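Right, one structure below, let's go through it.
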Amino acid sequence: MRRISPVLQQDGVDSNLLSLIKTILAACREIAFRVSQGELAGVLGSTLGENIQGETQKKLDIIANELLKEVILETGVVKAISSEEEDTIVAGNPKGKYLVTFDPLDGSSNTDINSLIGTIFSILPAPEDKAADDASMFLQPGTAQLAAGYVLYGPSTMLALTTGKGTRLYTLDKTYGGFLLTEELATIPKYTAEFAINMSNQRYWQPAMQTYIADLLQGKEGPRGKNYNMRWIAAMVGDVHRVLCRGGIFAYPRDNKDASKPDKLRLMYEANPMSFLVEQAGGASSTGYERIMDIVPVDIHQRVSVILGSKHEVESCIAYHQR
Ligand code: F6P
Ligand code: MN
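Each residue of the sequence shown is one higher than the last, beginning at 2 in this note's numbering.
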């Protein structure tokens, strides 16, 4: 089985970018180890703090954030980082060529139940004409991403990675200590009969989404003419991994449950990297009204509606939004 470096070299990835990716993965291996130690390492449970989004921070959110921040800034090739767990960007080397955004521990409430969690990251080019502490550097659409990936801390630790030449899956070989290529080209089937959505929010969704899901639920007898299955892992990284493995549609649509927070998922830390991975695997990703990777962000912590996965199913869902 092949290691990461030769695969990325074959794809023509710049050596600085390659070493940055490998550094991020080194931090993820450390996180994987701490996660696997669980209660034994005293890493479970919550802190007294909240992040800028008003969410309680888990101890592992903080541990993962600190680990990633430190090693990424140490590379010297990064101009600044932006993390879901940091209020503001953190400046690095003013001459650095890259910007890194990350969700250090996605789905962190799953740590309470020993279930799936992961780290999501995205690498953007750093504009040369801006200062390292200028947050506007990050306001680039998802189409500008040079690389994106996630590490899933599951029964095995897996990596999904794209540099724009398809999405590849790797598995951490704990005996050798590195990730080995286990799926050359992840391919999301165009058609699916599986959806993932938090149904408890149904009454708060917009009419288009309510109608779309109601039609799926009618199964064979309804307008879609087939029976659908449902799954919800409550960690985007787990749900997107399933979509990459066997297809499906995943949605966290806009709702009116809390007027201050109509959308839940974060554009820069979650939606853009996942959209890049999904599109590179032949899937689609939209808000229902526009392609997610085309959105020009106005704020680093901005949230967005997400509908992604099997192309035909995402297009069907978009059609409900256009009616
Ligand atoms: O990061 C936000 C997140 O944890 C996602 O990973 C996940 O898809 C979603 O929130 C779960 O939301 P809910 O708590 O509504 O199930
Ligand atoms: Mn998250």
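Backbone N, C-alpha and C fix where the C-beta goes; we use that ideal spot for every residue, glycine too. Given the structure is predicted, the values throughout are model-derived calculations rather than measurements.
Contact defined as beta carbons within less than 8 Å: I believe residue i pairs with residue j. What is the distance between those atoms, to the nearest angstrom?
i      : j      : result
Thr76  : Thr24  : 5 Å
Leu18  : Ile124 : 7 Å
Leu186 : Gly167 : 5 Å
Glu86  : Asn66  : 4 Å
Glu184 : Tyr229 : That belief does not hold up - the Cβ atoms of Glu184 and Tyr229 are roughly 25 Å apart, past 8 Å.
Gly283 : Cys318 : With 8 Å as the limit, Gly283 and Cys318 do not qualify as a contact, their Cβ atoms being about 17 Å apart.
Phe139 : Ser83  : 5 Å
Ile250 : Val315 : 6 Å
Ala252 : Ile308 : 5 Å
Tell me where the alpha helix (DSSP H) around residue i begins and ends.
i      : result
Gly239 : Met237 to Arg247
Tyr99  : Careful: Tyr99 lies outside any alpha helix (DSSP H), inside the beta strand (DSSP E) at Tyr99 to Asp107.
Val297 : That residue, Val297, is in no alpha helix (DSSP H); it is neither H nor E in DSSP.
Phe277 : Asn273 to Gln281
Glu129 : From DSSP, Glu129 is part of no alpha helix (DSSP H); its letter is neither H nor E.
Ile250 : Counting along the chain, Ile250 falls outside any alpha helix (DSSP H), though it belongs to the beta strand (DSSP E) covering Ile250 to Tyr253.
Ser6   : Ile5 to Gln11
Where do the N-terminal and C-terminal ends of the beta strand (DSSP E) with residue i fall, by residue?
i      : result
Leu160 : Thr158 to Thr163
Ala148 : Ala148 to Tyr154
Thr120 : Ile118 to Pro126
Ile214 : Not the beta strand (DSSP E): Ile214 falls in the alpha helix (DSSP H), residues Pro208 to Leu218.
Glu184 : Gly179 to Glu184
Val307 : Val307 to Gly310
Leu170 : Thr168 to Asp174
Phe139 : Here Phe139 belongs to no beta strand (DSSP E), and DSSP marks it neither H nor E.
Ser261 : No beta strand (DSSP E) contains Ser261, which DSSP labels as neither H nor E.
Glu291 : Looking at the DSSP string, Glu291 is not in any beta strand (DSSP E), and its letter there is neither H nor E.
Would you kindly work out how many angstroms separate the C-alpha atoms of residue i and residue j, rounded to a whole number?
i      : j      : result
Met269 : Ala209 : 25 Å
Gln203 : Glu271 : 22 Å
Trp206 : Pro142 : 26 Å
Val305 : Val299 : 12 Å
Asp134 : Leu49  : 28 Å
Ala132 : Ala145 : 19 Å
Val14  : Ser109 : 31 Å
Ser311 : Pro190 : 6 Å
Leu61  : Ser116 : 13 Å
Ser6   : Arg169 : 13 Å
Arg4   : Pro128 : 31 Å
Glu222 : Tyr321 : 19 Å
Lys175 : Ala161 : 17 Å
Lys80  : Ala92  : 6 Å
Tyr192 : Glu71  : 42 Å
Met200 : Ser287 : 19 Å
Leu266 : Asp130 : 30 Å
Thr158 : Ala28  : 13 Å
Phe180 : Thr172 : 5 Å
Ala285 : Leu217 : 19 Å
Ile32  : Ile63  : 11 Å
Lys227 : Asp264 : 29 Å
Leu74  : Gln11  : 26 Å
Ile22  : Gly178 : 16 Å
Asp88  : Gln219 : 44 Å
Asn94  : Arg225 : 53 Å
Leu147 : Val238 : 20 Å
Ser16  : Val8   : 12 Å
Glu56  : Ala136 : 22 Å
Leu26  : Gln38  : 18 Å
Taking 8 Å as the cut-off, does the region 112 to 122 touch the region 150 to 157 (at least 3 CB pairs, one atom from each stretch)?
yes
Tell me the start and end of each unbroken beta strand (DSSP E) in the region 23 to 89 that is at least 3 residues and wholly inside, in chain order.
47 to 51, 57 to 59 and 79 to 84
Using 8 Å as the cut-off, can you tell me whether the region 91 to 100 makes contact with the region 43 to 54, which would need three or more C-beta pairs spanning the two stretches below that distance?
no
Three-pair Cβ contact test at 8 Å for the region 233 to 249 versus the region 295 to 304:
no
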